[in-house]
Amino acid sequence: MVLTPSKPLRMWGVTDSPSADLYVPMIAVIEDIIDETPDTKTFRLRFEDDEYAQSFSWEPGQFVEVTVFGAGEAPIGFASDPAEKRFFELTVVARGKVTKAMHAMQKGDRLGIRGPLGNCWPLEAMKGMDIVIISGGCGLAPLRPAILHILRNRGDYGDFWLLYGARTPADRDYKYDLEKWAKRDDMHLLQTVDVADENWTETVGVVTVLLEKIKVNPENAVALTCGPPVMIKFSTIELLDMGFSEDRIVTSQERYMKCGVGKCGHCCVNHVYLCTEGPVFTYAQLRALPEFRL
Amino acid sequence: MRESEAAVLKKSDVSAFFGSLASDMRLIAPKEAFGGDVIFDAIESPKDIVWDYGHDIYPPKRFLLPHYEEMFRYDCRGRIHIQPAPKPSPQAIIGIRSCDISAIRFQERFFTQPIVDPYYKDRLDATVLFGLVCTKPPRRECFCICCDSGPWLESGFDVQLTDLGDRFLYEVGSDKGAKATEPRAYLLTPARSEDFAERRRLELQADSLFQTTSYIAKAITYISADEVPDEVWEELGSTCFRCGACTNLCPVCTCFTVDDVENTDGTFSRCRSWDSCQFSGFTREASGHNPRSAYGQRVQRRFYHKCSYQYIMRDGRHGCVGCGRCITACLTNLGLPDVVKRIRRAMHAYLEPETKRSEV
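Here the protein sequences come in this chain order: D and F.
Anchor point for the first sequence: position 28 equals 28 in this note's numbering, and the numbering is continuous, going up by one each time.
Numbers in this note's numbering are just positions in the second sequence, counted from 1, shifted up by 1000.
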């Protein structure tokens, strides 16, 4: 079966929002802030307008444009359980002007949210298949909704391998989740770090070394990847070597984005606007774009 | 349009006609600016219009996609209050050239499909385009004739004016054009067969006067198939100054960046302003990673967008209207016809059999 990333049921600007609001954010309140790593925090958000909050729905893989009032706007992927309707979470690394300003915010502060934007992981089409998820660093964040969805509907999917690489044990996101997932016997969690500390008992090295440890039949498996560009590149090469077909390697591609609705031109790769046609692509799709050639 | 729908506007009635139009909307037209340059700007009186202006280097696209545009304003001291930008008021762009009208139609398609950009659409809906045909190519860099965008247009204009000496042939091309004409129609007289004969004579004459031509079709083939070797792009990119003039003066280019700017009263404005794919910061991410860090990659980006089959399928036409501004603006001959020529030359050498090359 050929896999293609799903189109979301609702797409901002096309089907569910009046066009006048295309660039105007809705106000959301920070309900909680969770420290993940020294430079990463997870923000739990809820829309101020109750009616809007209840009608708001999104799918794993999608993202929003976050406005920090007084600083600017940045694209951030959803990171929470899609079945959770009371709030949603965004995991943010403090890197640029907006994300640094976001890290300085407190519980109860207000942000602007525009979305949901982009397409989603093909979770429907993946039913019945074995799943390999490869993520590096903060690349686990856009995959977390997919992981939580798979675990919630565990019976729909085959063998589940989660491979996660980070710089150091302390740089891992969602340590509270990783602990829980490591104890589950219906999934395999393999972790690696570049630099270990004295308590680290798992692998040391880049995330692709974990691929040598897994046992899957590529005929009936799908791989989801997200992480730094170099990690995606080498994972893809490795997966192709293992016998994964090009349309079973699914990646979330991130680029510098401004508008999120296919107009500003920043995230455009060849003729494809990653924000509206992506961010989720199969390698079969990416291969057609010269800029993404391996 | 059918000949029977065309009319004639006597030059002696031009002031009365556009004077009357000024009561309905703001008039934008080529006018003499400080220093003697002719640029498009708001005019006080129809007498300010410079009808024989040739060609302006700064395209009138900025009246639809302003160089700097406020999207909305917000106050984040205390409770956050967002105030949408005011709706644009009606305007007429008088004397706009066919290439620039074609570019606006290109932008219209881009900005309304599949997602509608409200700011561009509102401005375009409030704008009437009075095209002015170039009866002879105004500059030697003009090559609209190669780009299906002039000198005369079959469609796309609201009103198209052709200078016939003592009068203009006045063609209406849209409902918006008809609506703007109707209250002033008493100043028009029906066109006669000799008016059309004169237009046809001018068309034939104009076609023979173009000094720049560009065989884009071949470059489109090579670029679409990704056959142009990276070395060719690197060589082209090595001369680029990254000034961004080509994309800023291009009437087709639409890329913008978004910034939140603090106003003197303490509120903030979210503004969008023109950006250029030729700048290294265009794709640089917060982590410092830049997927398009090489100069050649950025030049390739520009020409892939202008001349690839993939974009033609998406946009309905290739992304060049032959206005020639990039030729004038570029300090290092990276105007479109020059690059097309260099790609064809390079590919010719590249595709030539090895033996033949060694004989040279």
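Heads up, the beta-carbon is just placed ideally off N, CA and C, and yes, glycines get one too.
For the C-beta of residue 76/D, not a single chain F residue is nearer than 9 Å; the gap to the nearest is close to 11 Å. Within its own chain, the residues whose Cβ lies closer than 8 Å to the Cβ of residue 45/D, once the five positions on either side in sequence are excluded, are 28, 29, 30, 31, 87, 88, 89, 90, 111 and 113, listed in chain order. Of all residues in the segment 260-280 of chain D, those with a C-beta nearer than 9 Å to a C-beta of chain F are 261, 262, 263, 264, 265, 266, 267, 268, 269, 270, 271, 272 and 276, reading in chain order.
Rounded to the nearest whole angstrom, the C-alpha separation of residue 1260/F and residue 1082/F is 13 Å. Under a criterion of Cβ atoms nearer than 9 Å, the residues of chain D adjacent to residue 1285/F are, in order, 95, 96, 254, 255 and 256. In the structure shown, residue 184/D adopts coil according to DSSP, grouped into three states.
Looking at the backbone, the Cα of residue 1300/F and that of residue 292/D are separated by about 14 Å. By the beta-carbon neighbour count (other beta carbons within 10 angstroms, threshold 16), residue 1316/F is exposed. Selection 271/D, 277/D, 23/D and 203/D evaluated against residue 1270/F yields 23/D as nearest (Cα-Cα). Residues of chain D with a Cβ closer than 7 Å to the Cβ of residue 1259/F are, in chain order, 72. For chain D, the residues of the segment 1300-1322 of chain F that bring a beta carbon within less than 7 Å of one of its beta carbons are 1304, 1308, 1310, 1311 and 1314, in chain order. Residue environment for residue 1241/F: exposed (fewer than 16 other C-beta atoms within 10 angstroms of its C-beta). Three or more Cβ pairs drawn from the segment 1045-1061 of chain F and the segment 1096-1105 of chain F lie within less than 8 Å of each other, which places the two stretches in contact. Closer than 9 Å to the CB of residue 1055/F there is not a single CB belonging to chain D.
In the three-state reduction of the DSSP assignment, residue 40/D falls in the strand class. Neighbourhood of residue 27/D in chain F, by CB distance below 7 Å: 1080, in chain order. Secondary structure remark: continuous beta strand (DSSP E) runs of at least 3 residues inside the segment 161-207 of chain D, in chain order: 188-193. By the beta-carbon neighbour count (other beta carbons within 10 angstroms, threshold 16), residue 282/D is buried.
In the assembly as shown, residue 1351/F is an exposed residue. Its beta-carbon has fewer than 16 other beta-carbons within 10 Å. At a cut-off of 9 Å between beta carbons, residue 1254/F contacts chain D. Apart from sequence neighbours up to five positions away, the residues of its chain that approach residue 1145/F with a beta-carbon distance below 6 Å are 1210, ordered along the chain. For residue 24/D, the nearest CB of chain F lies under 9 Å from its own CB, placing it at the interface with that chain. Contiguous alpha helix (DSSP H) elements confined to the segment 102-159 of chain D occur at 144-152, taking only those with 4 or more residues.
Think of a sphere of 7 Å around the beta carbon of residue 290/D: the chain F residues whose beta carbon falls inside it are 1226, in chain order.
Within 10 angstroms of the beta-carbon of residue 1199/F lie 16 or more other beta-carbons, which makes it buried.
When the alpha-carbon of residue 225/D is set against those of 134/D, 219/D, 150/D and 145/D, the nearest one is in 134/D.
Listed in chain order, the alpha helix (DSSP H) elements of length 4 or more contained wholly in the segment 1070-1139 of chain F are 1098-1112 and 1118-1125. DSSP places residue 1315/F outside any beta strand (DSSP E); the residue lies instead in the alpha helix (DSSP H), whose first and last residues are 1309-1315.
Going by beta carbons, residue 1244/F and residue 1196/F fall outside the 9 Å limit. At a cut-off of 9 Å, the C-beta of residue 110/D has a neighbouring C-beta in chain F.
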